[in-house]
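Colleague:
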Amino acid sequence: MSSPALVWFRQDLRLEDNPALHAAAGRPVLPVFVFDAEAAGEWAYGGAQRWWLDASLRALSDRLTRLGATLHIARGRAEEIVPALAAQIGAAEVHAGRLTEPWARARDERTHTLLQAEGRRLVLHTSALLTEPHRVRTKEDKPYSVYTPFSRALFALGEPPAPLPAPRHLAPVADAPAGLDVDKLGLLPKPPAPPWWSGFERVWEPGEAGAQRRLARFMAKAVRGYDGARNTPGAEDGTSGLSPHLRWGEVSPRQVWHAARAAGVEGEATWLKEIIWREFSHHLLWHRPQMPEAPLNPQFAQFPFEPDARLLRAWKAGRTGYPIVDAGMRQLWHTGWMHNRVRMIVASFLVKHLLQPWQAGARVFWDRLVDADLASNSASWQWVAGCGADAAPYFRVFNPVLQGEKFDPDGAYVGRWLPALAHVNPKLVHRPWEAATPPAGYPAPILAHAEGRDRALKAYAAMRGGAEQA
DNA sequence: TGAAATGTTGGGGCG
DNA sequence: ACGCCCCAACATTTC
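Sequential numbering of the first sequence, starting at 80, is according to our numbering.
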């Protein structure tokens, strides 16, 4: 019998197209998951992520059991636990998918060093991305900082490899050490009654089977009209709903790429562009590890934000008085997810109208999104704030009323999340303060749009003036 | 993956 | 018939 292998699951919670698992299969396998909140520091799992992880680990554990192996679950410092387990079972290799988070890269290096000291090694596979961030370079051998040439370079690499099949059987490690039960991880805090995540399970089915069902449903019908429908938050099935499944690696970008190719319809190209935005974000995080904290455009370090706990609280609670903003924040709270068009609108409102630092918004999303991913979240907030790579020009200030009227013309979206507006005349639902009798129970605008826009543009001008003098 | 201000054009009402 | 004004529709510029 060949020597056993340890497969370290981190953010690739699937059996299909899992290169780490594929490499280890054929030998006795110990699958391991370590809940390591310490290594991530302030970017440890947010609340909604913990809800998802709890359910996804149960699904993964079930699938592995059916194939013959038992998922070993542990809690603590992974860089110590993983090498210790490898030593205990006599594994020469630890296989895992490569991660792009700066803290995870540092931890992988330390883990590899510890393993090496005992003649073992950590083998990292291309698993969560179509290609490794360091494999795509400009002609001048530099990382990309603009989306379009990056996507061209990615296409120039040709079709990604076909997905790998799941192992049909896994040989367990003899005398495998027992791990914890998922319940013992205590991923979900003691619930308030009713818990804030009580609506999540009506919307989501974490785990690989749920991911496959979503993908199949999207390919069967929605991808066809994706080009137009993706911007209509009030419609069901306008988007794929795959973001949390991709974030947790319950489905791989290679799988969705090939599924879209097979569909061969109009919306396919638009949707693949979104997948490539995800790749681009990881590319940026890999090459600019400070991205979660600091603006990529250094000029924006001088931006005169005006941190204000009251304004931030109103935005978080969905009480700004702008229906499209408030509905988005309610959808986020109740489902752990927000439509992408609405994410742009609420982010623009926080950063520009309310002059709150984008980092504050990114933290809120981090805690509340089930699909929160450090690369995509940081890159997208910087994009909206105008300080990111290939970012929207700062002066592109969304008008929350016009955006609402354009993308939610009948008010279906805002009515669903804001009961107070459910029966307001669609002509006025995005500007309820103009109604003869404004709806009871809905706040007046926290500030006038024109005033907020003006102030944002002045702040931008002040930053640029200050930078020129410097 | 904007919005608002400003500029231009052309049709129609009207004296 | 003509000039004038109004203004919608579109284009351009600016933030």
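Note that beta-carbon positions come from the ideal geometry of N, C-alpha and C, so glycine has one too.
Since the model is a prediction, treat every value here as computed from it, not as a measurement.
Rank V430, H528, K352, P271 by C-alpha distance to the C-alpha of E385 and give the top, closest one.
Modeller: The residue labelled residue 385 in the question sits at position 306 within the first sequence. Checked all of V430, H528, K352, P271; the closest Cα to E385 is V430.
Colleague: Which residues does DSSP pair with W87 in a beta bridge?
Modeller: Taking the first sequence and counting its residues from 1, one reaches residue 87 at position 8. The partner list for W87 (beta bridge, DSSP) reads V111.
Colleague: Taking Cβ positions, are L209 and P323 nearer each other than 7 Å?
Modeller: Here residue 209 is taken as the residue at index 130 of the first sequence, counted from 1. Here residue 323 is taken as the residue at index 244 of the first sequence, counted from 1. Result no, Cβ atoms of L209 and P323 do not sit closer than 7 Å.
Colleague: Determine the direct distance from the alpha carbon of W87 to that of F112, and round the result to whole angstroms.
Modeller: Counted from its first residue, the first sequence places residue 112 at position 33. Counted from its first residue, the first sequence places residue 87 at position 8. The straight-line gap from Cα to Cα measures roughly 6 Å.
Colleague: Figure out for me which residue from R296, I160, S140, I168 has the closest Cα to the Cα of R189.
Modeller: Position 110 of the first sequence, counting from 1, holds the residue named residue 189. Out of R296, I160, S140, I168, I160 has the C-alpha closest to the C-alpha of R189.
Colleague: Output the distance between the C-alpha atoms of A515 and H502, rounded to the nearest integer angstrom.
Modeller: For this step, residue 515 is matched to residue 436 along the first sequence. For this step, residue 502 is matched to residue 423 along the first sequence. Those two C-alpha atoms are separated by around 14 Å.
Colleague: Among W130, R543, P98, which residue has its Cα nearest to the Cα of S277?
Modeller: Taking the first sequence and counting its residues from 1, one reaches residue 277 at position 198. Looking at the Cα atoms, W130 is the closest of the given residues.
Colleague: Tell me the rounded alpha-carbon separation between R177 and D187.
Modeller: Counting from one through the first sequence, the residue named residue 177 turns up at place 98. Counting from one through the first sequence, the residue named residue 187 turns up at place 108. Whole-angstrom Cα-Cα distance: 9 Å.
Colleague: If you count every other CB in all the chains shown that lies within 10 Å of the CB of N504, and 16 or more means buried, which is it?
Modeller: Your numbering for residue 504 matches position 425 in the first sequence. Exposed, because fewer than 16 other Cβ atoms sit within 10 Å of the Cβ of N504.
Colleague: Classify P386 as helix, strand or coil using the three-state DSSP reduction.
Modeller: Stepping through the first sequence from its first residue, residue 386 is reached at position 307. The answer is coil: DSSP assigns P386 none of H, G, I, E or B.
Colleague: Taking just the CA atoms, how far does R340 sit from R89?
Modeller: Looking up residue 89 in the first sequence gives position 10. Looking up residue 340 in the first sequence gives position 261. Roughly 28 Å between the two C-alpha positions.
Colleague: Identify whether P212 lies in helix, strand or coil by the three-state DSSP scheme.
Modeller: Within the first sequence, residue 212 is the residue found at index 133, counting from 1. The answer is helix: DSSP assigns P212 an H, G or I state.
Colleague: With C-beta atoms as the reference, is D489 less than 7 Å away from G328?
Modeller: One-based indexing of the first sequence puts residue 489 at position 410. One-based indexing of the first sequence puts residue 328 at position 249. Contact flag unset, no.
Colleague: In the structure shown, what three-state DSSP assignment does V425 receive?
Modeller: Residue mapping note: residue 425 aligns to position 346 of the first sequence, counting from 1. Reduced to three states, the DSSP call for V425 is helix.
Colleague: Could you please give the first and the last residue of the uninterrupted beta strand (DSSP E) stretch that includes A175?
Modeller: Taking the first residue of the first sequence as 1, we reach residue 175 at position 96. Counting along the chain, the beta strand (DSSP E) containing A175 begins and ends at 172-176.
Colleague: So, for N376: in the same chain, excluding its five sequence neighbours on each side, which residues have a beta-carbon less than 6 Å away from its beta-carbon?
Modeller: Within the first sequence, the letter at position 297 stands for residue 376. C466, listed in sequence order.
Colleague: Which class does G289 belong to by DSSP, given the choice of helix, strand or coil?
Modeller: Mapped onto the first sequence, residue 289 falls at position 210. Looking at G289 - three-state DSSP - the assignment turns out to be helix.
Colleague: The beta strand (DSSP E) that contains I152, what's its start and end?
Modeller: Within the first sequence, the letter at position 73 stands for residue 152. Element bounds for I152: 151-154.
Colleague: Output the distance between the C-alpha atoms of W356 and A471, rounded to the nearest integer angstrom.
Modeller: Walking along the first sequence from the start, residue 356 turns up at place 277. Walking along the first sequence from the start, residue 471 turns up at place 392. Those two C-alpha atoms are separated by around 14 Å.
Colleague: Helix, strand or coil for P75, going by three-state DSSP, please let me know.
Modeller: There is simply no residue 75 to check, as the chain begins at 80 and stops at 549 in what is shown.
Colleague: Count Cβ pairs between the region 242-250 and the region 96-109 that sit closer than 8 Å; are there 3 or more?
Modeller: With a cut-off of 8 Å, the region 96-109 and the region 242-250 count as touching, because enough Cβ pairs lie within range.
Colleague: Buried or exposed for T399, going by 16 or more other Cβ atoms inside 10 Å?
Modeller: For the purposes of this step, residue 399 is taken as residue 320 along the first sequence, with counting starting at 1. Buried, since its Cβ has 16 or more Cβ neighbours within 10 Å.
Colleague: Report all residues from its chain with a CB closer than 8 Å to the CB of W512; omit the five preceding and five following residues, and keep chain order.
Modeller: Indexing the first sequence from 1 puts residue 512 at position 433. Excluding sequence neighbours, W512 sits near G400, A523, P524.
Colleague: What's the C-alpha gap between I403 and G531?
Modeller: As a first step, residue 403 must be located in the first sequence, where it is residue number 324. As a first step, residue 531 must be located in the first sequence, where it is residue number 452. Each residue's alpha carbon lies about 16 Å from the other.
Colleague: Thinking C-beta only, is L294 closer than 7 Å to A165?
Modeller: Stepping through the first sequence from its first residue, residue 165 is reached at position 86. Stepping through the first sequence from its first residue, residue 294 is reached at position 215. No.
Colleague: Got a sec? Which residues, its chain only, sit under 6 Å from A138 by beta carbon, not counting five neighbours each side?
Modeller: Residue numbering aside, residue 138 sits at position 59 when the first sequence is read from its first letter. Correct list, in chain order: G286.
Colleague: Leaving out five residues before and five after D405 in sequence, what residues of the same chain have Cβ atoms less than 7 Å from its Cβ?
Modeller: For the purposes of this step, residue 405 is taken as residue 326 along the first sequence, with counting starting at 1. Taken in chain order, the residues that qualify are G397, R398, T399, L497.
Colleague: Which residues in the same chain as L194 place their Cβ atom closer than 7 Å to its Cβ, once the five residues preceding and following it in sequence are excluded?
Modeller: Locating residue 194 in the first sequence gives position 115, where the first residue counts as 1. Excluding sequence neighbours, L194 sits near P162, A165, V173, R200, L201.
Colleague: Can you check whether the CB of A157 is closer than 7 Å to the CB of D220?
Modeller: Taking the first sequence and counting its residues from 1, one reaches residue 220 at position 141. Taking the first sequence and counting its residues from 1, one reaches residue 157 at position 78. No; because the gap between Cβ atoms is not below 7 Å, this pair is not in contact.
Colleague: Which residue wins for smallest C-alpha separation from V302, given the options G125, S319, E197, S135?
Modeller: Your numbering for residue 302 matches position 223 in the first sequence. Comparing Cα positions, the closest option is S319.
Colleague: Assign F229 to buried or exposed, taking buried as 16 or more other Cβ atoms, counted over all protein chains shown, within 10 Å of its Cβ.
Modeller: Translated into the one-based positions of the first sequence, residue 229 becomes position 150. It counts as buried.
Colleague: Is there contact here, the region 366-374 with the region 473-486, by at least three beta-carbon pairs under 8 Å?
Modeller: Segments in contact, no.
Colleague: Who are the Cβ neighbours of S81 in its own chain at under 7 Å, not counting the five residues just before and after it?
Modeller: Residue 81 sits at position 2 when you count from the first residue of the first sequence. Contacts found: R106.
Colleague: Under a three-way DSSP split, which group does A538 fall into?
Modeller: Against the first sequence, residue 538 aligns to sequence position 459. Three-state result, A538: helix.
Colleague: Could you check which residue in R231, W122, D487 has the C-alpha nearest to that of K352?
Modeller: Numbered from 1 along the first sequence, position 273 holds the residue referred to as residue 352. It is R231.
Colleague: First and last residue of the alpha helix (DSSP H) that includes L203?
Modeller: Translated into positions along the first sequence, residue 203 becomes position 124. That residue, L203, is in no alpha helix (DSSP H); its beta strand (DSSP E) goes 200-204.
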